[in-house]
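Take a look at the structure set out below.
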Amino acid sequence: MKPLLEPYLEGIMMQKNFPNAFTEFRGKSQKDTGPSDLLIPAHLDQFIQIQIKKHKNLKNYFHYLMLKFQKRNLFSKFLDTAFRKTLYQSKNQKLVRYSFRPDYQDWYEAKFAGFYFGISVCKFFSRLVDLDREENSQIKNLADELIKLGKQKAPFHFYFSIFSDQKSILKKFVCGKNFELNST
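So in numbering that gives the first Met the number 0 the end of the sequence shown lands on 183, straight run, no missing numbers.
What follows is the structure in structure tokens.
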């Protein structure tokens with residue numbers, strides 16, 4: 000029984016003697032490691048280029064995505080997470096390589112989340128970019144609709160309505176009814 004405990008005790012002794020060698024197990028990753036590569040599907044390339052210009056660099060955009068989706072329930076967005084085997088992006092896609100030096104904490108969280116969902120960091124990042132692109136398009140569509148509503152001309156008698164009865168005016172406005180000049 001004693002020989003079975005020796006490797007375990009030996010590992011504990013090494014961890015006490017060399018604490019910096021085991022930073023990965025303490026929830027931290029090493030600072031200032033080399034550059035990392037992300038393989039992104041070609042259909043996301045143009046959107047990522049726009050976001051890189053907006054956020055100044057890929058490191059900042061990566062950080063933005065990690066913060067944006069950190070507290071959301073992503074289980075519905077990652078449907079293929081039932082596998083314990085790590086899923087990678089399909090080889091048939093045209094992938095674009097992005098090299099950058101991410102913030103070590105963001106990279107560690109992405110690795111951890113990728114492991115949790117059973118997907119690679121590249122696939123995890125691609126999914127976050129997809130979600131970001133969907134939200135941006137929804138916001139843009141909403142903004143376009145508001146602009147269209149603003150460009151529609153209001154009836155002339157709208158400007159001459161008397162605002163003494165604000166509740167009825169608001170009710171009519173919400174219902175889409177025309178206002179009439181109130182003579183009282």
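For glycine and all other residues, C-beta sits at the position ideal for the given N, C-alpha and C.
Computed from a prediction, not measured in an experiment: that's the story for all the values here.
One or two residues paired with L38 in a DSSP bridge: As a working mapping, residue 38 is identified with position 39 in the sequence shown. Beta-bridge pairing links L38 to R96.
Quick check on the DSSP output: the alpha helix (DSSP H) that includes F68 runs from which residue to which? Stepping through the sequence shown from its first residue, residue 68 is reached at position 69. First-last for F68: undefined, no H or E at that position.
Proximity winner among K147, L127, L148, relative to K70 (alpha-carbon distances): Start at 1 with the first residue of the sequence shown, and residue 70 comes out as number 71. Nearest option by C-alpha distance: L127.
Does the structure place the stretch 112 to 120 close enough to the stretch 45 to 59 that three or more beta carbon pairs sit under 8 Å? no
Who are the Cβ neighbours of L86 in its own chain at under 8 Å, not counting the five residues just before and after it? The residue given as residue 86 occupies position 87 in the sequence shown. Counting only Cβ-Cβ distances below 8 Å, and skipping sequence neighbours, we find D79, G117, I118, S119, K122.
Rounded C-alpha distance that separates R132 from S89: As a working mapping, residue 132 is identified with position 133 in the sequence shown. As a working mapping, residue 89 is identified with position 90 in the sequence shown. Taking the straight line from one Cα to the other gives about 21 Å.
Run the CB neighbour count on A20, radius 10 Å, all protein chains shown included, and call it buried at 16 or more, exposed below. To locate residue 20, count along the sequence shown from 1; it is residue 21. Because A20 sits at a pLDDT of 44, beneath the cut-off of 50, its placement in the model cannot be relied upon, and the point is left open.
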